[in-house]
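First residue of the sequence shown: 27, per our numbering; consecutive thereafter.
All C-beta atoms in this analysis are idealised placements derived from N, C-alpha and C, irrespective of residue type, glycine included.
Here the structure comes first, spelled out in structure tokens, and everything after it is commentary.
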Amino acid sequence: MKKWLIVGVAAVAFFGYENIPMEQAEADYPKSGGKLIDRYSSEYPGYDWEVRRTSSEEFVSLTKDGKEYGKYRFKNGITTQGAVLNKDTESSLKKKGWTAVKSYRKGNTNYMLNLDHAAVYEKKGNYVTYFFDQHDGNKVKATLSIPKDVEAKKKGFYGTASNALRTTDEKLMLRLMNWERADYKLNPLAPYTALKPVTRGHSENMAKNNFFAHTDPQGRDPFDRMKREGIRFSYAGENLSMGYPNVFASHWGLMNSKGHRENILKKEYKQADIGVAFRSNAPYFTINFRTP
């Protein structure tokens, strides 16, 4: 029986101060393109995340009433938001002269951004996050574009926690990991819902009792928790994440951590499950990997 145990904390700093409220009108946006694969609730009230597929790529759109308002793109070689994915780098973006965003203003509060291995720029009324890969020359690997007026509608830094958002984060995290595995010619991780009591249980324990560790206050590690639920395995591992503003940033925080990345891309793993819980709206992720 082989085990891999990987942990890391994702810290995102923010604070608030008095400021002048900013009102913005919603702009016209194009109809959503591509074939609809799946739809999830989002942290933006009234908007959904939609997974869509064209002849050349899969992507995630933020939609409302059939129109596209934002987009996450991950496809080597495409040009998106002024960057060529897997070619442009963190350094090359800095030379483009775009306006860097250090905070989001919402009403009377500024939420300061302190993202690791990512940068946010303001471009044509959008907040665009560029995710870099420190294990591949700090190349731009993905972009997330959210209109400023839509971001202003999201409550606080994380949005409002809900069962629907928990399910969204769990399903999207698995999809993002499998997109990475496909890029490295690895088989996808099959969902293994028998792990759900383990993953959600540990995230709920961390959120409720304000700790962040593989070993819980009861002295149980991930393999103890799996065995307690009657789950057998030949290979198993765990990734933990907390503090990121959304599932996309959380995913790239894990990909930029060597041990977490190795778990996501380990060819021996066949199955996975993700469990999410919230503390003051901030998501805690527990990801368990398994091979029968």
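| Query | Result |
| --- | --- |
| Whether or not the segment 258-277 and the segment 222-241 are in contact is what I'm after, with contact meaning three or more pairs of Cβ atoms, one per stretch, closer than 8 Å; do they touch? | yes |
| Mind checking H143: buried by the 16 CB within 10 Å criterion, or exposed? | buried |
| Only counting the same chain, and skipping five residues up and downstream in sequence, which positions put a Cβ closer than 6 Å to that of A303? | S229, E230, A233 and Y310 |
| Assess contact between the segment 190-202 and the segment 269-279, defined as three or more Cβ pairs (one per stretch) separated by less than 8 Å. Is contact present? | yes |
| Near Y95, which residues of its chain fall below 7 Å by C-beta distance, leaving aside the five closest residues on each side in sequence? | Y55, Y73, L88, T89, P173 and V176 |
| Classify D162 as helix, strand or coil using the three-state DSSP reduction. | coil |
| Would you list the residues sitting across from P56 in a DSSP beta bridge? | Partner(s): none; P56 has no beta bridge. |
| Using only the alpha-carbon positions, how far apart do D114 and R287 sit? | 21 Å |
| Please report the residue range of the beta strand (DSSP E) in which W75 lies. | D74 to R79 |
| Assuming N314 and L221 make a contact with CB atoms under 8 Å, what is their CB distance in whole Å? | 5 Å |
| Ignore the nearest five residues each way along the sequence and tell me which others in N112's own chain have a CB closer than 7 Å to its CB. | N102, G103, K165 and K167 |
| Between K292, H161, Y261 and P71, which lies nearest to K323 when the distance is taken from Cα to Cα? | Past the edges of the chain, shown from 27 to 318, lies residue 323, and the structure says nothing about it. |
| Provide the residue(s) that pair with V302 in DSSP beta bridges, ordered along the chain. | F311 |
| Let me check understanding here. Comparing Cα to Cα, which of T225, S188, A262 and R258 lies closest to R305? | S188 |
| Indicate the three-state DSSP secondary structure (helix, strand or coil) for A239 in the structure shown. | coil |
| Out of I300, E148, D299 and F100, which one is the CA nearest neighbour of K122? | E148 |
| In whole angstroms, what is the alpha-carbon distance linking T194 and S68? | 7 Å |
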